[in-house]
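Report on the structure given below.
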Amino acid sequence: MKKQELMDILNAVSSNSMGVEEAFLKIKMEPLDDLGFAKVDMHRELRQGAAEVIYGQDKKPEHILEIAKSLLKAGESPVLITRMSREAAEYVSNELEIRYDELSKVGIIGDMPEISGKGEIVVATGGTTDIPVAEEAALTAEAMGNSVTRLYDVGVSGIHRLLSHADKIMSARCIVAVAGMEGALPSVIGGLADCPVIAVPTSVGYGAAFGGVAALLSMLNSCASGLSVVNIDNGFGAGYLASMINHL
């Protein structure tokens, strides 16, 4: 149930065009759709401001399809699916129109929303190998009604590439900084920006990078103030948090 739908019910009760018991029944029936294999949360947007997102990794394609149908039936659009395989996207496309991004493994069903975020979200990467995680963040933020600027391959090994975009860094309302290797990019950006910076360590790097643990620890130990850190390769979590900040 969307916030506006709940407001419509409450206004109908207030104007006596709907009885209290009828309104109570409508609200009571909405919380979840029990599909047997999944209980789809229909009140997520009321509680958190954004509808339930489908985590596609290791889910059966038919389960993804049925959950998406349930969300669409409830009026949720767009439906966002993360970590979705090409096979699952092709299966879903047999019944629903879906836009699938191979790089980030993100699927989107339905029209993108109008921009409701108050400012610009910048998504920056250290290198091109960090782009899949960055795109997951960027597409998540866009699906939640935000304008996103992408600054890719602006890592510290060529600091002039980042500094040439200083105006975008300094005017952003929130920044997602995605980096592997030693994970230095968020600290540098944090020293330039006056907005919250969300650091995303990636699993990019040689042996001692330990699959992103080295970047994670660097980011957690950053000397830059106003820096928060999400889990390794968690572009979705960063994009979601950036959207929350941009809607405050």
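Going by the numbering used here, the first residue of the sequence shown is number 28, and it counts up by one from there.
In this text, a Cβ means the ideal position worked out from N, Cα and C, and glycines have one as well.
Since this is a predicted model, take the numbers as computed values, not measurements.
Could you please give me the residues that DSSP links to residue 27 through a beta bridge? Nothing in the structure corresponds to residue 27, since the chain is present only between 28 and 275.
Residue interval of the alpha helix (DSSP H) (run including residue 88): Position 61 of the sequence shown holds residue 88. 88–100 is the extent of the alpha helix (DSSP H) around residue 88.
With distances taken from CA atoms, which of 233, 232, 228 is nearest residue 244? The sequence position of residue 244 within the sequence shown is 217, counting from 1. The option with the nearest alpha carbon to residue 244 is 228.
For residue 189, which residues in the same chain have their Cβ closer than 6 Å to its Cβ, ignoring the five residues on either side in sequence? On the sequence shown, position 162 is the one that residue 189 refers to. Answer for residue 189: 181, listed in chain order.
Using the beta-carbon count (16 or more within 10 Å), is residue 132 buried or exposed? The residue you call residue 132 lines up with position 105 of the sequence shown. Per the 10 Å Cβ criterion, buried.
Cα-Cα separation between residue 129 and residue 171, rounded to whole angstroms: Numbered from its first residue, the sequence shown carries residue 129 at position 102. Numbered from its first residue, the sequence shown carries residue 171 at position 144. If I take the Cα positions, the gap works out to 20 Å.
Report yes or no: do three or more beta-carbon pairs, one from the segment 144–159 and one from the segment 196–211, lie closer than 8 Å? yes
For the beta strand (DSSP E) containing residue 9, name the first residue and the last one. The first residue shown for the chain is 28 and the last is 275, placing residue 9 beyond what the model contains.
Quick check on residue 186: buried or exposed, where buried means 16 or more other Cβ atoms within 10 Å of its Cβ? For the purposes of this step, residue 186 is taken as residue 159 along the sequence shown, with counting starting at 1. It counts as exposed.
Let me confirm a value: residue 47 is counted as buried when at least 16 other C-beta atoms fall within 10 Å, else exposed. Which label applies? Working through the sequence shown from its first residue, we reach residue 47 at position 20. With fewer than 16 other Cβ atoms within 10 Å, it is exposed.
Distance check for residue 272 and residue 175, CA to CA, integer angstroms please. Position 148 of the sequence shown holds residue 175. Position 245 of the sequence shown holds residue 272. When rounded, the distance between both Cα atoms is 13 Å.
Do residue 97 and residue 119 have their C-beta atoms within less than 8 Å of each other? If you number the sequence shown from 1, residue 97 lands on position 70. If you number the sequence shown from 1, residue 119 lands on position 92. No, they are not a contact pair.
Thinking C-beta only, is residue 142 closer than 8 Å to residue 105? Numbered from 1 along the sequence shown, position 78 holds the residue referred to as residue 105. Numbered from 1 along the sequence shown, position 115 holds the residue referred to as residue 142. Not in contact: residue 105 and residue 142 (Cβ atoms no closer than 8 Å).
Taking its Cβ as the centre, do 16 or more other Cβ atoms sit within 10 Å of residue 102, making it buried, or is it exposed? Taking the first residue of the sequence shown as position 1, residue 102 is located at position 75. When all chains shown are included, residue 102 counts as exposed.
Specify the secondary structure class of residue 314 as computed by DSSP and reduced to three states. No answer is possible for residue 314: the residues shown for the chain start at 28 and end at 275.
Is any beta-carbon of chain C found at less than 8 Å from that of residue 115? Among the chains of the structure shown, chain C does not appear; only one protein chain is present.
Under a three-way DSSP split, which group does residue 275 fall into? The residue labelled residue 275 in the question sits at position 248 within the sequence shown. Reduced to three states, the DSSP call for residue 275 is coil.
Outcome for residue 72 when other beta-carbon atoms lying within 10 angstroms are tallied against a minimum of 16: Stepping through the sequence shown from its first residue, residue 72 is reached at position 45. Buried, since its Cβ has 16 or more Cβ neighbours within 10 Å.
Skipping 5 residues on each side, what residues in its chain have a beta carbon closer than 8 Å to that of residue 169? The residue labelled residue 169 in the question sits at position 142 within the sequence shown. Excluding five sequence positions before and after residue 169, the CB atoms of its chain that fall closer than 8 Å to its own CB belong to 139, 175, given in chain order.
Give the DSSP bridge partners of residue 125, in chain order. Position 98 of the sequence shown, counted from the start, is the residue given in the question as residue 125. Note: residue 125 sits in a beta bridge opposite 136.
Would you say residue 208 and residue 242 are within 8 Å of each other, going by their C-beta atoms? The residue you call residue 208 lines up with position 181 of the sequence shown. The residue you call residue 242 lines up with position 215 of the sequence shown. Yes, the Cβ-Cβ distance between residue 208 and residue 242 is below 8 Å.
Kindly indicate which residue of 251, 239, 37 has the alpha-carbon position closest to the one of residue 259. Taking the first residue of the sequence shown as position 1, residue 259 is located at position 232. Among 251, 239, 37, the Cα nearest to that of residue 259 is on 239.
Contact check, residue 217 vs residue 252, beta carbons under 8 Å: The residue you call residue 217 lines up with position 190 of the sequence shown. The residue you call residue 252 lines up with position 225 of the sequence shown. In this structure, residue 252 lies closer than 8 Å to residue 217 by Cβ.
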